[in-house]
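Note sheet for the following structure.
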Amino acid sequence: MTERILYVGSYTHRDSEGIYIYRFDTQTGALRHEALAAEQEHPSFMTLHPQGHILYAVGEDNEAGHVNSYAIDPASGGLTFINRQPTHGTAPCHLVVEPSGRTLVVANYYSGNVAVYPLKADGSIGDPVQNIQHHGSGPNQERQEAAHAHSTTMSPDGSRVYVADLGCDKVMIYRLVNGRLVANDPDHVGVQGGAGPRHFDFHPNGRNAYIINELDLTVTVCAFDAGTGALDPIQTISTLPDDVDDKTGLSTADIHVSADGRFVYGSNRHHDTLAIFSVDQDSGRLTAAGHASTRGHTPRNFTIDPTGAWVLAANQDSDDICVFSRDAGNGQLTPVGDMVWAPMAVCLLFGP
Numbered sequence: 001m002t003e004r005i006l007y008v009g010s011y012t013h014r015d016s017e018g019i020y021i022y023r024f025d026t027q028t029g030a031l032r033h034e035a036l037a038a039e040q041e042h043p044s045f046m047t048l049h050p051q052g053h054i055l056y057a058v059g060e061d062n063e064a065g066h067v068n069s070y071a072i073d074p075a076s077g078g079l080t081f082i083n084r085q086p087t088h089g090t091a092p093c094h095l096v097v098e099p100s101g102r103t104l105v106v107a108n109y110y111s112g113n114v115a116v117y118p119l120k121a122d123g124s125i126g127d128p129v130q131n132i133q134h135h136g137s138g139p140n141q142e143r144q145e146a147a148h149a150h151s152t153t154m155s156p157d158g159s160r161v162y163v164a165d166l167g168c169d170k171v172m173i174y175r176l177v178n179g180r181l182v183a184n185d186p187d188h189v190g191v192q193g194g195a196g197p198r199h200f201d202f203h204p205n206g207r208n209a210y211i212i213n214e215l216d217l218t219v220t221v222c223a224f225d226a227g228t229g230a231l232d233p234i235q236t237i238s239t240l241p242d243d244v245d246d247k248t249g250l251s252t253a254d255i256h257v258s259a260d261g262r263f264v265y266g267s268n269r270h271h272d273t274l275a276i277f278s279v280d281q282d283s284g285r286l287t288a289a290g291h292a293s294t295r296g297h298t299p300r301n302f303t304i305d306p307t308g309a310w311v312l313a314a315n316q317d318s319d320d321i322c323v324f325s326r327d328a329g330n331g332q333l334t335p336v337g338d339m340v341w342a343p344m345a346v347c348l349l350f351g352p
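Counted from 1, the sequence shown has number 291 at position 291 by full-length UniProt numbering; the numbering is strictly sequential.
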């Protein structure tokens, strides 16, 4: 199969109406808009059920957040609304489903809490069973006045959930026990003050993990103990070129490790680049390997396609998607084709 479905989530300002379907050719890198899949307010982050038949999307409302479920048509990729649940918080911005498909975890950014839901056999979202409030702050008085849960990441074995909290300069660690979150021991890892951890990804070697820090534009490299769930920071590296002195208005957003574990990529908003790092295969440490312009403004989320040959970046403020070919040997990214219209695109998710 050379053509894959790509779901594009957005903020529903300007011309955007919700979740869109695109078609991506994995041989040529051609991307084309197909249709509006679902009208929904601010579907800023999405994920799939492990079986691939359901799509879940947050509704990033600043007053009353919600999370939605959609059935996926296996032939067309079209979405049919199933149900919606409140997140009991404001600005839900990230979510994850554990591998058995029985539990959904949502991070609420502004209110700094995490909501936990059972998933029913038909993929619908049950009533929330847990609401965990984070507490704390950081030295950045404008952005870290309180807790701000920013992402939820499942451990490779599905036994733990890692919640990056930008406001507290911590990644909180929870064990998943019978569909509920229980504080792990240790219960968090801290990053440097004012860093603002945002997103998080594991290395396929099972020994390392990477935290991208929004406020100080760095990546924290951690040694990972799969037995205890502990993270031990071993390196901090900038996502910007050495010649960038003025960081005013700049921030990072997303991070991904290539499937072969040789490269890590991170997005720089307002610098409008993807940072490229090579990975030391023994230690997991990073070495800067370059930057690729996204040819637009404010790259937020990006994704590596299932073949590993392409990277697609969503430019929120220029309403478009940049497609790159990826050199598996050196990790470098080369833009291909024309920019593709995508209104206020902030999340890219390949379908099943």
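Heads up, the beta-carbon is just placed ideally off N, CA and C, and yes, glycines get one too. Since the structure is predicted, the reported quantities are computational estimates derived from the model, not experimental observations.
If only uninterrupted alpha helix (DSSP H) runs of at least 4 residues are considered, none is enclosed by the region 22-92. Ranked by Cα distance from D15, the first of T334, T26, G229, E41 is E41. Counting only runs of 3+ residues, the beta strand (DSSP E) found wholly inside the region 323-348 occupies 333-335, in chain order.
In chain order, D272, N315, D317, S318 place their CB closer than 7 Å to the CB of H297, counting only its own chain and leaving out the 5 sequence neighbours on each side.
DSSP lists N208, D232 as the beta-bridge partner residues of A223. In the same chain as L181, and ignoring 5 residues on each side of it, the C-beta atoms closer than 8 Å to its own belong to V105, V114, V116, Q130, I132, V161, Y174, R175, in chain order. The residue from Y22, S10, E17, H13 with its alpha-carbon nearest to that of G351 is Y22. Annotation: I125 is outside any beta strand (DSSP E) and is labelled neither H nor E by DSSP. In the structure shown, A147 falls within a coil segment according to DSSP collapsed to helix, strand and coil.
Contact check for E60 and S44: beta-carbon distance about 4 Å, within the 8 Å limit, so the pair qualifies. With a 10 Å radius around the Cβ and a threshold of 16 neighbouring Cβ atoms, K170 comes out buried. Contact annotation: N301 and V346 have beta-carbon atoms nearer than 9 Å.
In this chain, the beta strand (DSSP E) harbouring E3 covers 3-10. Contact annotation: T47 and A107 have beta-carbon atoms that are not nearer than 9 Å.
In the same chain as E3, and ignoring 5 residues on each side of it, the C-beta atoms closer than 8 Å to its own belong to R23, F24, D25, T26, in chain order. Every unbroken stretch of the beta strand (DSSP E) spanning 3 or more residues and falling wholly within the region 271-312 is given here in chain order: 273-279, 286-293, 299-304. A residue is called buried once 16 or more other Cβ atoms fall within 10 Å of its Cβ, and R326 is buried on that count.
G261 and R207 have their C-alpha atoms roughly 11 Å apart. Assigned with DSSP and collapsed to three states, Y110 falls in coil, not helix or strand.
Taking C-beta separations shorter than 6 Å and ignoring five residues to either side along the sequence, the partners of A223 in its chain run D232, I234, following chain order.
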